[in-house]
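Sequence lines, in order, name chains D and H.
For the first sequence, the residue numbers in the numbering used here are 3 to 283.
For the second sequence, the residue numbers in the numbering used here are 9 to 334.
Ideal Cβ placement from N, Cα and C applies to all residues, glycine included.
Encoded as structure tokens, the structure appears first; notes follow it.
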Amino acid sequence: MTMYISVTFKELTRKRVFLVTLILTCVFIVLFAFGVRELTGAEAQNETSPAESMLNRMVLMVLGLFFAQFLTAFFVLFSAMGIITGEQENGLLLAVAARPLPRWRLYLAKWLGHAVWITVYSTILFASVVWTIHSFAGVPVFAGDLLRSYVLFIWMPLLLLSLTMLGSVYLPMLGNGIFAALLYGFSLFSGLVEGITTYGGSPPVLDKFLLLIGLLLPTDSVYRRSLYEILGGADWAGLALSDMGPFSMRSVPSNSFLLYTAVYAAVLLLLGCRGFSRKDL
Amino acid sequence: MMIIDAEQLTKTYNGRGGCRGITLQVPEGSIFGLLGPNGAGKSTFVKMLAGLHRPDAGRALVMGQPLGRPEARRKLGYLPELFRFQDWLTPVEVLRFHGQLSGLRPQETRTPAFRGRIRDTLELVGLSEASDRRVGGFSKGMQQRLGLAAALLLDPELVILDEPASALDPIGRYEIRSLLKRLKGKGVTIFLNTHLLEDVEELCDEAAFLYEGELLASGPLHKLLGGTDDPGGSGHNWRFRLGGWLPETWTELGDAGSGCRLRLVEADESGNALLTARVADREQAGFLCSLFIRSGLTLYESGPEPNSLEAWFLRMAQSRQGGDPQ
């Protein structure tokens, strides 16, 4: 497994998309820190009420983490969309799969190799956003909330990785990239629609549609739960997240739903191992 | 003992292509050549042996282990046809990576003994000068050599090579042929899928011919070429280039009683024809020459067949294309 982690790292660092992602990430972090500092400075001059000020800062946290999860998804999609069929098409898999290693182990090793570096990247992004908000805007962060939010924040791209890898067993590289990006987009879109419907309610058909999308790819639900946790869970989030436009949360994904995401990931990995073991290379 | 024992092995792609009902045995310690035109199903068969394709039907044992099991690939070295290694790795890193894929622990691949093995293997395939260069800058021939190094790294008992010399220059081909002979001397079994008939003729003990997914012939090379069990080969394949050939000439020659089996390879409308025959000795060839002249034909050329495997290959292919198999 360790060899795949190091080979994946070398592979990622030599892809141009990695460099682009890294530059974009640095630009985002710098701009975000600059924006937060300016906005909090302006707030102090305008003598905003403490409650409104806290709400504004929480909005900044939500926006920061929203863009951060978008970047991690971008990282996952571009690094993993050709993980199987891409390597099959360019001949990389032929010599590897003929080695005396069960295919399911090879599949899991590839998943783990990517998962480690996706976790590292997500951790850097999460820590940067939370630290910026905490330091410049003074939003209190508690260790328990931080840990729960962090675990869920890195769980989101790992779910997307499991889906993208499964897709790459069956679909060509580009087709899989489009498939995974569309599903991720649907999930993101359903979250935003749910936020908008917080104000005026929604017809039952829409609720069912949103639930279906959430079940199909629960990344947005996990992200919203992560957000809920970092904003203080039941203490603060209920207050803050009910009035944030498309980022509002009508309901918070339950622990049972999180359990569903664990089963979801396990099933995807199982299907991926099975599909890859039966695949003709 | 048979190192590969396939029985009715079948793999098709939605009912088309691939190979069907292949029953084939490869003796341990031999060099076995798999021949056939493009699209004959050779690569499909090889990929099944290497565990890359799952058979639709049939069974096969590789080194006594059923196909598909990792154990069947433990002592197998495989060089795929269209492959690539990670551009960003050096040959040493590629071989370390493959060592670990074959079950070695990371620390085992860092030992002086394993480093020495990597150095020797790269030297064996002529890549020691490029051992620290990135694979991305390698020519096709160098990639092929590295593929061969990966296949030979862990002292395999069976080496399956899918078009090993396709990207190599004449010197490279000669070196690979010499290497394969040395491996055979060490008792390694080599399964060779190639279009280069001179390689098969020079190296192989046994061969098989696939055509449109079916096995048309298999066995010791001398037997396939000469139709005899005698490895020394009783007689020679002789060719005759003639002029003045008419459609009825074939019957006249048959009636004249040449004493050996003549085969018409090609004939055109201008009366030019190419015939081959298995003759016992030069005297019998001389008798055939006089027979042709007596029959009113012009003898342009007579001599031993330069590449009898090529003729056999063409004969096998033509026999399935509806041509004259004689």
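CA-to-CA distance, residue j to residue i, given in whole angstroms
i        : j        : result
H:GLY26  : H:ALA48  : 7 Å
H:THR236 : H:HIS230 : The pLDDT assigned to H:THR236 is 47, lower than 50, so where the model puts this residue is not dependable, and the model offers no usable value.
H:GLY240 : H:ARG269 : Note that H:GLY240 has pLDDT 41, beneath the 50 cutoff, so the model's placement of it is unreliable and the number below is only indicative. The straight-line gap from Cα to Cα measures roughly 20 Å.
D:GLU49  : D:SER55  : 9 Å
D:GLU13  : D:ILE25  : 17 Å
D:LEU271 : H:CYS212 : 45 Å
H:ASP238 : H:GLU309 : Below a pLDDT of 50, predicted positions are generally treated as unreliable, and H:ASP238, at 43, falls in that range; the measurement from the model is reported next regardless. Looking at the two C-alpha atoms, the distance is approximately 28 Å.
H:TYR86  : H:PRO78  : 13 Å
D:PHE211 : D:LEU173 : 26 Å
H:LEU188 : H:GLU222 : 27 Å
H:PRO255 : H:HIS203 : 34 Å
H:TYR219 : D:PRO220 : 51 Å
H:PHE248 : H:ARG286 : 11 Å
H:PRO172 : H:GLY44  : 16 Å
D:SER51  : D:ALA44  : 13 Å
D:VAL269 : D:GLY277 : 12 Å
H:MET324 : H:LEU224 : 8 Å
D:LEU233 : D:PHE144 : 9 Å
D:LEU41  : D:GLN47  : 10 Å
D:LEU208 : D:ASN257 : 23 Å
Same chain, Cβ closer than 8 Å to residue i, neighbours up to 5 away in sequence not counted
i        : result
H:GLU116 : GLY107 and PHE122
D:MET175 : MET83, GLY84, THR87, GLY88 and GLU91
D:ALA117 : LEU160 and LEU163
D:THR263 : TRP157, LEU161, PRO220, SER223 and VAL224
D:ARG226 : GLY193, MET251, VAL254 and PRO255
Opening and closing residue of the alpha helix (DSSP H) in which residue i lies
i        : result
D:ASN48  : 18-48
D:ARG107 : 105-134
D:LYS210 : 206-218
H:GLU15  : Run containing H:GLU15: none in the alpha helix (DSSP H); it sits in the beta strand (DSSP E), 10-21.
D:PHE305 : Outside the modelled stretch of chain D, which goes from 3 to 283, sits residue 305 of chain D, for which no answer is possible.
H:PRO164 : Neither: H:PRO164 is in no alpha helix (DSSP H) and is coded neither H nor E.
D:LEU62  : 52-82
D:ALA264 : 257-279
H:PHE40  : Unbroken run through H:PHE40 is the beta strand (DSSP E), 39-43; no alpha helix (DSSP H).
D:LEU283 : Counting along the chain, D:LEU283 falls outside any alpha helix (DSSP H), and DSSP gives it neither H nor E.
Contacts around residue i, its chain only, beta-carbon distance under 6 Å, and the 5 residues preceding and following it disregarded
i        : result
H:VAL133 : ARG153, LEU156 and ALA157
H:LYS192 : ILE39
D:LEU149 : none
D:THR199 : none
Beta-carbon proximity check, residue i vs residue j, cutoff 9 Å
i        : j        : result
H:GLY66  : H:ALA14  : yes
D:PRO102 : H:LEU84  : yes
D:ASP147 : D:LEU190 : no
D:VAL265 : D:ALA139 : no
D:ALA127 : D:ALA70  : Strictly speaking, residue 127 of chain D in this sequence is Leu, with Ala absent from that position. Yes, the Cβ-Cβ distance between D:LEU127 and D:ALA70 is below 9 Å.
H:LEU282 : H:ALA275 : yes
D:PHE80  : D:VAL171 : no
H:VAL100 : H:PHE93  : no
D:LYS281 : D:ARG105 : yes
H:THR306 : H:GLY252 : yes
H:ALA215 : H:GLY41  : yes
H:LEU17  : H:PRO63  : yes
H:TRP96  : H:LEU232 : no
H:GLY111 : H:ALA80  : no
Whole-number beta carbon distance between residue j and residue i, since they are thought to touch under 8 Å
i        : j        : result
H:SER205 : H:LEU169 : One point to set straight first is that residue 205 of chain H is Leu, not Ser, in the sequence displayed. Incorrect: roughly 15 Å between the Cβ atoms, too far for contact.
D:LEU62  : D:ILE135 : 6 Å
D:VAL224 : D:LEU161 : 7 Å
D:PHE155 : D:SER124 : 6 Å
D:ASN178 : D:GLY169 : 4 Å
H:PRO178 : H:ASN245 : The pair is not a contact, with the Cβ atoms about 26 Å apart (cut-off 8 Å).
Chain-order list of residues whose beta-carbon lies under 7 Å from that of residue i (same chain, five-residue window excluded)
i        : result
H:GLN334 : Residue confidence for H:GLN334 is low, a pLDDT of 39 falling below 50, so the modelled location carries little weight; the figure read from the coordinates is stated next. Correct list, in chain order: ARG271 and LEU272.
H:THR52  : LYS19, GLY26, CYS27 and HIS61
D:LEU284 : The structure shown has nothing for residue 284 of chain D, since chain D only spans 3 to 283.
D:PHE30  : PHE69 and LEU73
D:TYR152 : PHE128
First and last residue of the uninterrupted beta strand (DSSP E) at residue i
i        : result
D:ASN92  : Careful: D:ASN92 lies outside any beta strand (DSSP E) and carries neither H nor E.
H:GLU214 : 214-219
H:CYS27  : 24-35
H:ASN273 : The sequence shown places Val at residue 273 of chain H, not Asn. Unbroken beta strand (DSSP E) run through H:VAL273: 270-275.
H:TRP246 : 244-251
H:SER226 : 222-228
D:VAL171 : Note, D:VAL171: premise wrong, no beta strand (DSSP E); alpha helix (DSSP H) at 145-172.
H:GLU2   : In the structure as shown, chain H begins at 9 and stops at 334. Residue 2 of chain H is therefore absent and cannot be evaluated.
H:GLY66  : 65-70
D:ILE85  : From DSSP, D:ILE85 is part of no beta strand (DSSP E); its letter is neither H nor E.
H:ALA285 : 281-287
H:GLY85  : 84-87
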